[in-house]
Amino acid sequence: MNPSSHDADAVIVGSGPGGATAADVLTAAGWSVIVLEKGRNHLLDLEPPYELKGDFSNDEIKFTRRHFLGPDPLLEPRAFRRSDADGDHLLLGEVNNLPSGVGGGAVHADAKMPRFRELDFRLLSERGPIDGADLDDWPLDYAELEPCYAEAERLVGVAGEAGVNPYESWRSGPYPMAPGPDMYGAILSAEAATRMGYHPYRAPTGINTTDYDGRPSCNNCGFCGQYGCPIHAKGDAVASLRRALRSGRCEIRPRAMATEVVLDEAGRRARAVRYLDAVGDGHEVTAAHVVLAGGAFETPRLLLRGGIANSSGLVGRYLMFHFQTYVAASFPFSLHPNRGRTVTHHHDDFVAPNAEDLAAARQAGLPWFSGGTVEHGGGTGPITEALNCPPGPLHKELMRSSMLRDRLWVFTMQGEDMPQAVNRVDLHPSARDVHGLPAGRVTYSPHRHEIAASAYWGPKLEAIHIEAGASWTATTTSPPTDRDSAGAMGWAPVSRHVMGTCRMGTDPRTSVVDAHGRFHDVENMICADSSVFVTSSGYNPTLTIVALAIRASRALAGIQPERRAG
Amino acid sequence: MAAACERLIPADESSGAAAAGAADYIDGLLGAFRFDPPHVWAGGPFSGRAGGEASFSDFTPLDPMDELAWRTRIEGSRGRVEREWNGPVTGLQERYEDGIAALGADFAGLGSADQDARLDAVPEFRSLLYEHACEAMYGPPEYGGNRHLAGWRSIGFEGDVQPRGWSDDEVSEP
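Protein chains in written order, with this note's numbering: chain F, 3 to 568; chain D, 3 to 176.
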């Protein structure tokens, strides 16, 4: 590339899993990139030798109560409503706040990194339509993506065990690392699940189990989900960003809020991205190419503000979350879930409905339904536990017995969420963020598929807990299944798995980007985040984001070579 | 304030919220900007309780955006245009002033039933106070609560464990 007429060969909006991967791939190809990150940098020094910062810690107040990873809902309020009938919004403030900062959403996650299955890419063809759901096949298949999955696992550093999960799709090689130690609670729940005919396995996890890529092995501190890792044993997105910086061709600009993609006069090519800095001053970065990777909430928000890349009218639509079914159980003894990686086992039996399951679906008036991978986990901190205990004379006794933390074990089913055009991200008509930009708004209601699937599999998960020795179980969902009650977890989905708002496809009339993430309407701009997902699958999205970002970035740069981490 | 917190998390065989320093915790939050850097986010990566160099007490500096958010949250918008991009914000300081006034100057001397009645009469403030009492009781002591680790010890919680962590056996064994 010849960057002489531009500030960089590519400007990348967002530094999470997708943007970090794009930066890594493109700089390895010899491109210069400038990464605009709207959040703050707590991850790593941006000057040589790019040492890891020491801002992350085992601090429940900082990470769960004081918005350390951002976005601060005062600065960047988001709106939620179930449908137009709720008016402008039902909630305004903290709605699905996937962290915002250098490293993006990856920083907070407990780093579960499963692949999607072969069937996930051709769901419509394999399982057929469902009334009211806008199902479609992806414009690529698993075989095309498999080399990128393998490379993503190497780049991030995924620990796992191949060949033990009967529902996994084929792999071209082993995981880069062996799994870490099994949590005690997971040993009990996995054994119980096995006795009941299910097939639990050690979860693929982007957390080191040995020194890898210059970062240490995890030491099981337990402050994993919702927390940044103090020792950087989590690979995503530290590994990719640091490699990109070390190339000497990557500049990361934190607190750079992208406000506009500037097109050329013909409106077919992007020539720059404008942004506001921390004190509100405006800047423009020119580039030969643009990569949008702000996530499935912020990417459509940026596009809708400028009214670009939207000849289909579908930007922001087909918004999906995972419909999460939480099945909690309290045991008569300590499970010490504060030790380990938060989740060490999954089982996938509910992503592959059998004849009995399908009969239940038909009884519910659906041609089929599908659940999702089930995480076996624990790990709530004592402040969160205390807020779920009542105040007053019984408080201390309940906290000592700790049925909601030390003796608690939880199955979380990441239920497949049907794409629906009516579910969408758009711009709030009056609410503004600190920059004066329209707040983003979620309009979302689950399809009856998700509600029926959750109602069917929830009791089966409760039965596993009882088999494992639980004293009692309780099930809740996010979002709630009852339209008249916010339930235990509030109206808006709490899932940080946000997908589908710039759908991938071959037809510009029915999709926003092509099979390589390139916008149909803007030929030198790609999307490298989960906006492009056609369906949600029943699996955590991060590894698929990284794999798709590798594929899209390579196509953008016209490169094919594979390389290994390190 | 201490008496109200104590009513929400009373002592039994172990310390309640008052002895654990809930009032200091709340005072620390409301007065976060008396310090430089402000006492909003404790430092990292280690407290020193499980090895490593103690750094929690070196609070993380705020950048201009952080400061705008936290001053607005704590002090309120007070009619300042730069804090009212989405309308007026009532700050924590004002909510506490109003809440404490509503509980009454004689609150600490009342019996349990009367204290409960006063708290029940201001449900939003009671809820705010309980949130902060829980944070004070079970959060890291560098924020002013959990005095002498009273909160963690009372529930058998080990607290922060980096950089020591847990051994593989401690993870997997009962």
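Each residue gets a CB set at the ideal place from its N, CA and C atoms; glycine is no exception.
No experiment lies behind these values; they were computed from the predicted model shown.
N- and C-terminal bounds of the beta strand (DSSP E) containing residue i
i               : result
G153 of chain D : Counting along the chain, G153 of chain D falls outside any beta strand (DSSP E), though it belongs to the alpha helix (DSSP H) covering 152 to 157.
F413 of chain F : 410 to 417
I14 of chain F  : 10 to 15
F82 of chain F  : 80 to 83
E175 of chain D : Where E175 of chain D is concerned, there is no enclosing beta strand (DSSP E), given that its DSSP letter is neither H nor E.
E399 of chain F : No beta strand (DSSP E) contains E399 of chain F, which is instead part of the alpha helix (DSSP H) from 397 to 403.
D428 of chain F : 426 to 434
H451 of chain F : Per DSSP, H451 of chain F belongs to no beta strand (DSSP E); it is in the alpha helix (DSSP H), 450 to 470.
G95 of chain F  : 93 to 95
I63 of chain F  : From DSSP, I63 of chain F is part of no beta strand (DSSP E); its letter is neither H nor E.
A441 of chain F : 440 to 445
Straight-line Cα distance separating residue j from residue i
i               : j               : result
A19 of chain D  : Y27 of chain D  : 10 Å
A108 of chain F : G18 of chain F  : 6 Å
V317 of chain F : P206 of chain F : 32 Å
P384 of chain F : K40 of chain F  : 31 Å
M491 of chain F : N425 of chain F : 20 Å
M198 of chain F : I547 of chain F : 33 Å
A331 of chain F : A476 of chain F : 6 Å
E86 of chain D  : Q95 of chain D  : 17 Å
W459 of chain F : I453 of chain F : 10 Å
A31 of chain F  : G56 of chain F  : 31 Å
A311 of chain F : H285 of chain F : 22 Å
F333 of chain F : R204 of chain F : 22 Å
R79 of chain F  : F37 of chain D  : The question names Arg, but residue 79 of chain F is Pro in the sequence shown. If I take the Cα positions, the gap works out to 28 Å.
G103 of chain F : G379 of chain F : 26 Å
T92 of chain D  : E53 of chain F  : 40 Å
R73 of chain D  : Y98 of chain D  : 15 Å
R51 of chain D  : V163 of chain D : 7 Å
P5 of chain F   : V263 of chain F : Here the model assigns P5 of chain F a pLDDT of 48, short of 50, so the residue's position is not dependable, and the following value carries that caveat. One C-alpha to the other measures close to 19 Å.
S372 of chain F : V353 of chain F : 5 Å
A24 of chain D  : A5 of chain D   : 10 Å
P181 of chain F : A87 of chain F  : 48 Å
L32 of chain D  : I102 of chain D : 14 Å
A135 of chain D : A152 of chain D : 13 Å
M179 of chain F : W140 of chain F : 30 Å
Cβ-Cβ distance between residue i and residue j below 8 Å
i               : j               : result
A260 of chain F : A24 of chain F  : no
A298 of chain F : A549 of chain F : no
D90 of chain F  : H338 of chain F : no
A135 of chain F : H451 of chain F : yes
D283 of chain F : A258 of chain F : no
G208 of chain F : G187 of chain F : no
P75 of chain F  : N99 of chain F  : yes
R434 of chain F : N88 of chain D  : yes
N221 of chain F : P165 of chain D : yes
M415 of chain F : T327 of chain F : yes
P218 of chain F : G46 of chain D  : no
V97 of chain F  : V427 of chain F : no
L94 of chain F  : W493 of chain F : no
S143 of chain F : L126 of chain F : Before going further, note that residue 143 of chain F is Asp rather than Ser in the sequence given. Not in contact: D143 of chain F and L126 of chain F (Cβ atoms no closer than 8 Å).
A44 of chain D  : E137 of chain D : no
A241 of chain F : G159 of chain F : yes
Start-to-end residues for the alpha helix (DSSP H) that takes in residue i
i               : result
D26 of chain F  : 19 to 30
W72 of chain D  : 66 to 77
C391 of chain F : Element bounds for C391 of chain F: n/a, residue is neither H nor E.
G299 of chain F : One point to set straight first is that residue 299 of chain F is Phe, not Gly, in the sequence displayed. Where F299 of chain F is concerned, the enclosing alpha helix (DSSP H) stretches over 297 to 308.
E8 of chain D   : 4 to 10
Which of helix, strand or coil DSSP assigns to residue i
i               : result
S480 of chain F : strand
F325 of chain F : strand
M501 of chain F : strand
A290 of chain F : strand
S332 of chain F : strand
L45 of chain F  : coil
H110 of chain F : helix
R566 of chain F : Low confidence applies to R566 of chain F: its pLDDT is 41, below 50, so where it sits in the model is not reliable, and the reading given next is rough at best. Three-state DSSP puts R566 of chain F in coil, outside helix and strand.
A52 of chain D  : strand
E1 of chain F   : Since the first residue shown for chain F is 3 and the last is 568, residue 1 of chain F is missing from the structure and cannot be characterised.
V548 of chain F : helix
Distance cut-off 7 Å: residue i Cβ against heavy atoms of the ligand GTP
i              : result
V13 of chain F : As presented, the structure is devoid of all ligands, the ligand GTP included, so that no description of it is given.
>> To test your reading of the DSSP string, which unbroken beta strand (DSSP E) runs of 3 or more residues are found completely within the region 177 to 255 of chain F?
In response: Taken in chain order, the complete beta strand (DSSP E) segments of 3 or more residues contained in the region 177 to 255 of chain F are 252 to 255.
>> Restricting to runs no shorter than 3 residues, where is the beta strand (DSSP E) found entirely within the region 250 to 287 of chain F?
In response: For the region 250 to 287 of chain F, whole beta strand (DSSP E) runs of length 3 or above, ordered along the chain, are 252 to 255, 259 to 265, 272 to 278.
>> Runs of 3 residues minimum, wholly inside the region 113 to 173 of chain F: which ones carry the beta strand (DSSP E) assignment?
In response: Within the region 113 to 173 of chain F, no beta strand (DSSP E) run of at least 3 residues lies entirely inside it.
>> Give the list of continuous alpha helix (DSSP H) stretches no shorter than 4 residues that lie fully inside the region 67 to 148 of chain D.
In response: You should have 94 to 105, 114 to 122, 125 to 140.
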